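Engineer: Residue numbers (our numbering), protein chains in the order written: chain A, 21 to 328; chain B, 21 to 328; chain C, 21 to 328; chain D, 21 to 328.
Mind looking over this structure? Questions follow.
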């Protein structure tokens, strides 16, 4: 008996969306970073997969992602050149492909201009830094907290993490050279009588960035304290500062399966999960007692922050 | 008979979240813009409203929003100062308030550095400009489209909109002076053989910004065409350019209900709805036929764009 | 001398994106809500606006938005029918229009199934309710807080707001009949020894929804307390509950400029700003002292909530 | 000479945010899924790390993530129980921890009610399905496209992927049993004269879900075609349907490093990159020629879709 419904595949495409990678281009002590998000889409003679689940012509999207990683090990060039190389590869390498489309998106990072820094390996992105103030009048008394958020920074050298506690669940390898990336959230309180808030704000930001760039990091915690201490040392109006440094993980891609050197130049960027390190630094005598729990500035950014 | 459950109000607060406004500070031909988002929260003797719906002590959150608008008519000062003025006002003006908290957030805008511009009234925000490339190899042939998105710009003078078609549903008033804000999306194609893509990209961006700032706007459409034409005039490699200019509405707040001058300095920023103007500009002889429908660069930014 | 660059407009379109409205269809005591987001796009003979800023053929996008509002006053029908009516109107009404495109998006709301409710006018959307738990062990002691978020509800009758405090900045009109919409956030603590957490959670949600639907609201604050009290009355394990009820503003569209009845059926939905009402309800004797400041559950949802 | 600035660490905390996992609880042919996002935060005697970069007391956040994965291999229980177990573990296992806080968030999935399905292993989440219509009048003629998006579904059995093309860049292992998750986007066109759009819509959704659940999948492509064919077979009004099925990757966590069985129950959920499979299915005779490129419904969802 005839099949009453005749359905045909009128069009097809498949690929990998949003391969987010960071490439570090090292020229001696001077580094450059490329923050790329790549999408690949192939169309062509793939009917057998759609109709019968016959995948013999289907290059997995995972392999497409790997190809992006491997090609990133070579010099990137412009986004157009990188896209063109990938599109040409996919179109030429696999006979079923009739069209290969590659979309490349790049976000910019600028080198942090830090005085006297031996190596130019610290960066801030072109993103959106937001100024914050929380003013409260309670029982007739005014208090003002000041803040910043959205300051994305990374450094491509001068960051280690090792000699940590291990337990049954530890699989992380110690490292003497890792990429450190974070998005600084800060909140500070000034001494009573302060009114030059904008001047203080500029100084706080400058000291935070400089300390981030200059500190040879053994832990994000240590970088956090160094940043806070630098602010207290350099900005006399500031009494205390709370910092939040999410650890935005950048994991080197192992290129050896593709017959390449292992490399330490191409990194996968993970949105989540992410580590999050918080701490509060204030003026005072050392040994004044154990530190309390930091649950700010997350907490501090109430009210109503969570709803957006 | 006794009420078996005794419930008490242990804490209370209410307020208005995310009052987004733009303040234009005009010093002659030189303008400055302040992009503020304000949240107000009041706590105190508001039990009667919670327990009995008795609102006699409740200042509506709408009035709190209005207060933010009215206070923005005065000089803003720092975000701390603006927050402190508002917190002090709420705490002093209404006896039921025990604590008034105000959160102020500011995003930065920079003046566009345009040569020879008579008035400094055009701005770009500190946000994230993204470079884009779409490379396609189809049937053995490579085509590359180039793009930009995320370029937020606004101008505080030199924009009109009037003499438009009206119908039964038209309520918009014509204006000779409006704030014009948009986020530029662009996609262009270069002549065959082009390879200096990065140089072209820099030039395209510079011409887009310059044309936006210098064009006295009678319509967003006109600004769009002026921007596209400028790119074609200044960048010989570009064959055609598609532009998308959402019209991000900034509506002047009427301050007269508060006993203030009407003012043209405090604007409410609307996220949506928004107008969206698209067009494609290419080299060619005028009168070569009616223009087709623009449904790009929206369309162009496939594949997979919509899913994020 | 001839102009060396000849630029032509190859394509054009303009329209209004994301007109978000809610239509209440009342059939006596039984209401139905339609949550629509509409985008309109016109293409055609609009070159004069692009080339010369001549807007005589340009129907403002604001008028397009008004048209959507006015058409929503008639029965909506299916999303296809509503889109088709609008597209036909734009194409027929204005000679310059060659193509009119309308995109209609609808989110679903379901009627809340509340026992014994006289009028079927309370709704929950099909959205994502999220279960939350915060477990803390500090100094050897475990505490657990339980929560819910993402519960969107609205009611189309039984909500008033009037008799409130007014000051110089008050322009809000009192109302005896308003649409009340919120997204419930809740956090509660159970008595020591509680372990039937999932059973408690189900009961808390049921009581929250029922109290929202059944309470004739004179203030969001009053609804909040009624919801909290109902939970304490109905769920003996719960010792206290913190609630956060953002007031998602739905403002009736004035249709009289279009020659229609004023109407109370078509509402503009505002994303922001929004009111936000918080409170904490616990077991205890009335008059046990003034309530403290509520800055949770915003605060409670630390750590790290704000970063996403 | 004494250091003039004395800075102390006033508070500290660190942890892992947003560990997103899916647990499949298998009871024979009947499966249950738990979609959990966990954040861990530790505070205590961690000053040495902040002050000196001495990490000897610091359990890496990566180990905290691993712990969440390992604990998820045991029965989850309620979100409160899962959080409590983790908080107790962290507080007890590591002497420096003074407080351990764990936040657990769960999104719900419901079993798809498919008639005659032998195993109950297909699910839809409680999320937001959106109805779409695109109506166009061009040159006097109306066309209407209909759509759906936001339909999240997954199946925990009946999905394989193997026998695919491999190249130099392929590292993916073939699998006979994988978790398949997607978020269906669909757009269809009806025959001229169709007006029962809402009835068609309901039928299309029912057939899409049923075909997803019932199809033993050898490739997402095959599932896509099966879904499209089923719609054409079951809904005579539909002439063609375009489908977009992002492949939301769920990767089994290898538990063997923790001394556990490898397991196939705990999955890491990756937001991106993701595979994306598109195709268009229409009525017609087989062998009517090679399929074209699918670049919709991504493209179709213009205009203005990308801007939000």
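Glycine included, C-beta positions come from ideal geometry on N, C-alpha and C.
Note that the structure is predicted; figures quoted are calculated from it, not measured.
Taking 8 Å as the cut-off, decide whether the C-beta atoms of residue 220 (chain D) and residue 257 (chain D) are in contact.
Structural biologist: Looking up residue 220 (chain D) in the fourth chain gives position 200. Looking up residue 257 (chain D) in the fourth chain gives position 237. Contact flag set, yes.
Engineer: I want to know whether the stretch 106-125 of chain B touches the stretch 82-99 of chain A - three or more CB-CB distances under 8 Å.
Structural biologist: The stretch 106-125 of chain B vs the stretch 82-99 of chain A: no contact.
Engineer: Select from C:71, C:41 and C:271 the residue whose C-alpha is nearest the C-alpha of residue 242 (chain B).
Structural biologist: The sequence position of residue 242 (chain B) within the second chain is 222, counting from 1. Cα-wise, what sits closest to residue 242 (chain B) is C:71.
Engineer: Buried or exposed: residue 29 (chain B), going by 16 or more other Cβ atoms within 10 Å of its Cβ?
Structural biologist: On the second chain, position 9 is the one that residue 29 (chain B) refers to. The residue in question, residue 29 (chain B), is buried, as its Cβ has 16 or more Cβ neighbours within 10 Å.
Engineer: Identify whether residue 321 (chain D) lies in helix, strand or coil by the three-state DSSP scheme.
Structural biologist: Translated into the one-based positions of the fourth chain, residue 321 (chain D) becomes position 301. Any reading at residue 321 (chain D) must be qualified, since the residue scores a pLDDT of 32, below 50, and its modelled position is unreliable; no value is offered.
Engineer: Within 8 Å of any Cβ in chain B, is that where the Cβ of residue 83 (chain A) sits?
Structural biologist: The count along the first chain starts at 1 and reaches residue 83 (chain A) at position 63. For residue 83 (chain A), the answer is no, since every Cβ of chain B falls outside 8 Å of its Cβ.
Engineer: Pull the bridge partners of residue 209 (chain A) from the DSSP assignment, please.
Structural biologist: By 1-based counting over the first chain, the position of residue 209 (chain A) is 189. Answer is A:165 and A:260.
Engineer: Under three-state DSSP, which class holds residue 70 (chain D)?
Structural biologist: By 1-based counting over the fourth chain, the position of residue 70 (chain D) is 50. Note: residue 70 (chain D) maps to helix in three-state DSSP.
Engineer: Decide if residue 236 (chain C) is buried, meaning its Cβ has at least 16 other Cβ atoms within 10 Å, or exposed.
Structural biologist: Here the question's residue 236 (chain C) lines up with position 216 in the third chain. Under this definition residue 236 (chain C) is an exposed residue.
Engineer: Any Cβ of chain B within less than 8 Å of the Cβ of residue 163 (chain C)?
Structural biologist: Stepping through the third chain from its first residue, residue 163 (chain C) is reached at position 143. Judged by the 8 Å Cβ criterion, residue 163 (chain C) is not in contact with chain B.
Engineer: What are the residues in the stretch 144-162 of chain B lying within 9 Å of chain A by C-beta distance?
Structural biologist: Going along the stretch 144-162 of chain B in chain order, one finds 145, 146, 147, 148, 149, 150, 151, 152, 153, 154, 155, 156, 157, 158, 159, 160 and 162 with a Cβ nearer than 9 Å to chain A.
Engineer: Express the C-alpha separation of residue 103 (chain D) and residue 225 (chain C) in angstroms, rounding to a whole number.
Structural biologist: If you number the third chain from 1, residue 225 (chain C) lands on position 205. If you number the fourth chain from 1, residue 103 (chain D) lands on position 83. So the two alpha carbons sit approximately 20 Å from each other.
Engineer: With residue 119 (chain B) as the anchor, note down where its beta strand (DSSP E) starts and where it stops.
Structural biologist: Position 99 of the second chain, counting from 1, holds the residue named residue 119 (chain B). Run containing residue 119 (chain B): 117-127, per the beta strand (DSSP E) assignment.
Engineer: Measuring straight from C-alpha to C-alpha, what distance separates residue 203 (chain A) and residue 155 (chain D)?
Structural biologist: Position 183 of the first chain, counted from the start, is the residue given in the question as residue 203 (chain A). Position 135 of the fourth chain, counted from the start, is the residue given in the question as residue 155 (chain D). C-alpha separation (whole angstroms): 44 Å.
Engineer: Can we say the stretch 255-271 of chain B touches the stretch 291-301 of chain B, given the rule of at least three CB pairs closer than 8 Å?
Structural biologist: Segments in contact, yes.
Engineer: Return the chain-ordered list of same chain residues with a C-beta closer than 7 Å to the C-beta of residue 170 (chain A), the five sequence neighbours on each side being excluded.
Structural biologist: What you label residue 170 (chain A) is simply residue 150 of the first chain in a count that begins at 1. The residues are 147, 148, 149, 150 and 203.
Engineer: Taking the C-alpha atoms as reference points, what is the distance between residue 207 (chain D) and residue 300 (chain C)?
Structural biologist: As a position in the fourth chain, residue 207 (chain D) is number 187, starting the count at 1. As a position in the third chain, residue 300 (chain C) is number 280, starting the count at 1. Roughly 46 Å between the two C-alpha positions.
Engineer: Would you decide whether residue 198 (chain B) is buried or exposed? Buried here means 16 or more other CB atoms lie within 10 Å of its CB.
Structural biologist: Position 178 of the second chain holds residue 198 (chain B). Counting Cβ neighbours within 10 Å, residue 198 (chain B) comes out buried, since at least 16 surround it.
Engineer: Just to make sure I have the definition right: I need the residues of chain B whose C-beta is within less than 8 Å of the C-beta of residue 111 (chain A). Which are they?
Structural biologist: By 1-based counting over the first chain, the position of residue 111 (chain A) is 91. Chain B residues near residue 111 (chain A): 157, 158 and 160.
Engineer: Counting only Cβ pairs nearer than 8 Å, list the residues of chain A close to residue 242 (chain D).
Structural biologist: Here the question's residue 242 (chain D) lines up with position 222 in the fourth chain. Those are 69, 70, 71, 72 and 73, listed as they occur along chain A.
Engineer: Between the alpha carbons of residue 210 (chain A) and residue 164 (chain A), how many angstroms are there, rounded?
Structural biologist: Within the first chain, residue 210 (chain A) is the residue found at index 190, counting from 1. Within the first chain, residue 164 (chain A) is the residue found at index 144, counting from 1. Those two C-alpha atoms are separated by around 8 Å.
Engineer: Whose C-beta lies closer than 8 Å to the C-beta of residue 216 (chain C) among residues of the same chain, with five residues either side of it excluded?
Structural biologist: Taking the first residue of the third chain as position 1, residue 216 (chain C) is located at position 196. Cβ neighbours of residue 216 (chain C) beyond the five flanking positions: 257.
Engineer: List the DSSP bridge partners of residue 63 (chain D).
Structural biologist: What you label residue 63 (chain D) is simply residue 43 of the fourth chain in a count that begins at 1. For residue 63 (chain D), which the question treats as bridged, DSSP gives the partners D:119.
Engineer: If you measure beta-carbon to beta-carbon, which residues of the stretch 216-229 of chain B are closer than 8 Å to chain A?
Structural biologist: Answer set for the stretch 216-229 of chain B: 217, 218 and 221.
Engineer: Looking at residue 126 (chain D): is its Cβ nearer than 8 Å to the Cβ of residue 54 (chain D)?
Structural biologist: Residue numbering aside, residue 126 (chain D) sits at position 106 when the fourth chain is read from its first letter. Residue numbering aside, residue 54 (chain D) sits at position 34 when the fourth chain is read from its first letter. Yes. Within cutoff.
Engineer: Could you list the residues in the stretch 275-298 of chain A with a C-beta less than 8 Å from some C-beta on chain D, going in chain order?
Structural biologist: Correct list: 277, 278, 279, 291, 292, 293, 294, 295, 296, 297 and 298.
Engineer: Does the Cβ-Cβ distance between residue 61 (chain B) and residue 83 (chain B) come in under 8 Å?
Structural biologist: Locating residue 61 (chain B) in the second chain gives position 41, counting from the first residue. Locating residue 83 (chain B) in the second chain gives position 63, counting from the first residue. No, they are not a contact pair.
Engineer: Within its chain, find whatever has a CB closer than 6 Å to the CB of residue 36 (chain B); leave out the 5 residues flanking it on each side and keep chain order.
Structural biologist: Working through the second chain from its first residue, we reach residue 36 (chain B) at position 16. Here the set comprises 60, 81, 84 and 85.
Engineer: Residue range of the beta strand (DSSP E) that residue 278 (chain A) falls in?
Structural biologist: On the first chain, residue 278 (chain A) is found 258 positions in, with the first residue counted as 1. Segment: none, residue 278 (chain A) is in no beta strand (DSSP E) and carries neither H nor E.
Engineer: When you compare the CB of residue 108 (chain B) with every CB in chain A, is at least one pair closer than 8 Å?
Structural biologist: Along the second chain, read from residue 1 onward, the residue named residue 108 (chain B) stands at position 88. It does: the Cβ of residue 108 (chain B) has a partner Cβ on chain A nearer than 8 Å.
Engineer: Would you list, in chain order, the members of the stretch 26-39 of chain D that have their beta-carbon closer than 7 Å to a beta-carbon of chain A?
Structural biologist: The residues in question are 26, 27, 28, 29, 30, 31, 32, 33, 34, 35, 36, 37, 38 and 39.
Engineer: Looking at the unbroken alpha helix (DSSP H) that takes in residue 49 (chain A), where does it start and where does it end?
Structural biologist: Translated into positions along the first chain, residue 49 (chain A) becomes position 29. Taken as a continuous stretch (DSSP letters only), residue 49 (chain A) belongs to no alpha helix (DSSP H), as it is neither H nor E.
Engineer: Name the chain C residues whose beta carbon is nearer than 8 Å to that of residue 209 (chain B)?
Structural biologist: Position 189 of the second chain, counting from 1, holds the residue named residue 209 (chain B). Correct list: empty, because the minimum Cβ distance to chain C is about 11 Å.
Engineer: When you compare each of B:231, B:289 and B:264 to residue 167 (chain B) by their alpha carbons, which one comes out closest?
Structural biologist: By 1-based counting over the second chain, the position of residue 167 (chain B) is 147. Selected option, being the one with the closest Cα: B:264.
Engineer: Round the Cβ separation of residue 283 (chain A) and residue 93 (chain A) to the nearest angstrom and send it over; I've been treating them as touching at under 8 Å.
Structural biologist: Along the first chain, one-based indexing puts residue 283 (chain A) at 263. Along the first chain, one-based indexing puts residue 93 (chain A) at 73. At roughly 6 Å, the Cβ-Cβ gap stays under 8 Å, so residue 283 (chain A) and residue 93 (chain A) are in contact.
Engineer: Among all the DSSP beta bridges, which residues are the ones paired with residue 174 (chain B)?
Structural biologist: By one-based count along the second chain, residue 174 (chain B) stands at place 154. B:143 and B:201.
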